[in-house]
Structures are given as structure tokens and as C-alpha cells.
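K.L.:
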Amino acid sequence: EGERTLTASAQRALRALAAREDEARVMEARLQRLEHELEVSREQQVHDLVKEALGRVARALAEAPTSSTPPSSTSYASFGEDEGEGVGVTSGDKRLQSMKEGKWERKVLSGDTETARFST
Numbered sequence: 001e002g003e004r005t006l007t008a009s010a011q012r013a014l015r016a017l018a019a020r021e022d023e024a025r026v027m028e029a030r031l032q033r034l035e036h037e038l039e040v041s042r043e044q045q046v047h048d049l050v051k052e053a054l055g056r057v058a059r060a061l062a063e064a065p066t067s068s069t070p071p072s073s074t075s076y077a078s079f080g081e082d083e084g085e086g087v088g089v090t091s092g093d094k095r096l097q098s099m100k101e102g103k104w105e106r107k108v109l110s111g112d113t114e115t116a117r118f119s120t
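Take the sequence shown: its letter number 106 is residue 106 in the UniProt record's numbering, and every next letter is one higher.
Following this line, the structure appears as C-alpha cells:
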């Protein structure tokens, strides 16, 4: 009879352990989801900050006095590694003309140092 009691006690302990393992898996999944949401939020924040800064540049260019001899070409203010990335500005009237569609990438360089890159 003592053996049956020990076996029943061991089975209860195993069930309790299995329940704890299930709870741990659920908590781990929640943690992974929250980490992913935080990463997405940070990327969106970087994107929004750069977009806001570009908007300020565009407004400043639109408010700047026009040149007396406007050039006929559009130049790009580059902020990426490849040509063609950036903001197209007609130098004559200093107005924002276009911004290519693309994707923002965030990279951690070291410690808290990060960089954002806009790629087409």
C-alpha cells in the first residue's frame, strides 16, 4: 500500500511539473511576441523620426527664396549608400519633388549605437 501511495504522489508531482512546463511555454511565447512588438515599434519610431525630419527639410526648402537662375535638372540629396536614394529636389524653386518608395532597415552597430538606412 505504501508503494501505491508513493506512485500516486509521484504521478501528482509529474502532472504538476507538466502543468508548470506548459505555463512556462505560454510565458515564453508571450515574451517572444512582446519582444517582436517592441522591435517593430522601434523600427516604426525610427521611420517616423526620419519622415518628420524630411518633412521639415521639405517645408524649409519650400519656404526658401527662389534662385534667380534655376537649373533645369533635379538633384538628389543622398542619405544612403547607393545613388538614387534620397529626396529629389529641383534646385531652382527648392521644392520637394519626390521620394522613392523603399524600406527602412535598422542596424545595431555596437551597444546603444544604431543606424537607420532607407533602401529602394
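Don't be surprised by glycine CBs; every beta carbon is placed ideally from N, CA and C.
Reducing DSSP to helix, strand and coil, say where Glu-1 ends up.
P.N.:
Glu-1 falls in the coil class under three-state DSSP.
K.L.:
Taking just the CA atoms, how far does Ala-53 sit from Ala-62?
P.N.:
The straight-line gap from Cα to Cα measures roughly 14 Å.
K.L.:
Can you tell me the Cα-Cα spacing of Leu-31 and Ala-60, whole angstroms?
P.N.:
Straight-line Cα distance between these residues: approximately 43 Å.
K.L.:
Taking just the CA atoms, how far does Glu-3 sit from Arg-42?
P.N.:
Arg-42 and Glu-3: Cα-Cα distance of roughly 58 Å.
K.L.:
Measuring straight from C-alpha to C-alpha, what distance separates Glu-23 and Glu-37?
P.N.:
Spanning the two alpha carbons is a distance of roughly 21 Å.
K.L.:
Taking the straight line between their C-alpha atoms, what separation do you get for Gln-44 and Arg-33?
P.N.:
Each residue's alpha carbon lies about 16 Å from the other.
K.L.:
When DSSP labels each residue in this structure, what does Ala-64 get in the three-state scheme?
P.N.:
Ala-64: coil per DSSP, three-state reduction.
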